[in-house]
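Asks:
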Ligand SMILES: [Zn+2]
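In full-length UniProt numbering, the protein residues as written are 1 to 217.
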């Protein structure tokens with residue numbers, strides 16, 4: 001299956017992408033991983049991407065598209081892939097279509113994870129991370145530490161990362177609405193969009209997604 005995964009920040013997209021790729025036995029291709037892999041292997045594309053990032057600029061679409069193209073042509077992606085974080089705007093979606101058409105293949109589905117805005121803000125803004133180990137993560141409502149502000153594992157101080165502040169989350173949502181959401185309409189016109197609720201336990205969301213992909217709705 002060839003799938004594109006979309007959803008607002010805070011909808012649990014990364015978690016679901018990993019789980020779905022494993023269940024469907026297809027590689028999970030995320031833009032973050034693509035950038036990291038190309039930069040660490042010092043490929044031409046990686047060097048190019050790094051030059052933009054070092055200068056504090058966004059990596060141009062052409063570079064991202066070329067990296068995705070390279071990754072999708074690897075043998076493990078022959079029977080499908082799950083794209084996460086790409087395409088992130090309509091022009092990338094159009095480029096992806098061109099690219100697939102040239103290979104004589106098509107997307108099977110665009111899985112749209114839906115989560116109410118207030119819930120997304122609550123999920124992210126409630127996160128608290130340990131200063132001693134960033135893998136120690138809590139949530140003021142969903143998984144509170146035993147003692148306020150103190151890590152259960154190591155006693156470290158818990159804090160809210162700048163990225164998780166309500167203001168930052170609202171800004172990221174705005175970017176998602178203006179740049180990424182239009183690709184849902186773009187793919188809807190092709191009859192590819194499958195929308196599911198991203199609410200509830202992680203396991204349930206995964207089953208819901210698999211079920212929806214199977215039935216194509
Ligand atoms: Zn800790």
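Glycine included, each C-beta is placed from N, C-alpha and C at the ideal position.
Note that the structure is predicted; figures quoted are calculated from it, not measured.
1) Might you give, ordered along the chain, the residues of its own chain that have their beta carbon closer than 6 angstroms to the beta carbon of residue 149, omitting 5 neighbours on each side?
2) Output the boundary residues of the alpha helix (DSSP H) element that contains residue 20.
3) Note down, one range per segment and in chain order, each alpha helix (DSSP H) of at least 4 residues found wholly within the region 165-191.
4) For residue 105, collect the residues of the same chain with a Cβ closer than 7 angstroms to its Cβ; drop the 5 residues on either side in sequence, then sort them by chain order.
5) Using DSSP bridges, identify the partner residues of residue 143.
6) Taking the alpha carbon of residue 209 as the point to measure from, which residue in 185, 24 and 156 has its own alpha carbon closest?
7) Would you check if the distance between the CB atom of residue 195 and the CB atom of residue 20 is smaller than 9 angstroms?
8) At what residues does the beta strand (DSSP E) containing residue 2 begin and finish?
9) Which residue or residues does DSSP assign as beta-bridge partners of residue 159?
10) What do you get for residue 142, buried or exposed, if any count of 16 or more other CB atoms within 10 angstroms of its CB means buried?
11) Counting only the same chain and skipping the five closest in sequence on each side, list residues whose C-beta sits under 7 angstroms from that of residue 34.
Replies: In short, the structure shows the following:
1) Same-chain partners within the cutoff: 158.
2) 13-24
3) Counting only unbroken stretches of 4 or more residues, the alpha helix (DSSP H) elements lying wholly within the region 165-191 are 166-175 and 181-188, in sequence order.
4) 2
5) 139
6) 24
7) no
8) 2-6
9) Paired residue(s): 129.
10) exposed
11) 67, 68 and 71
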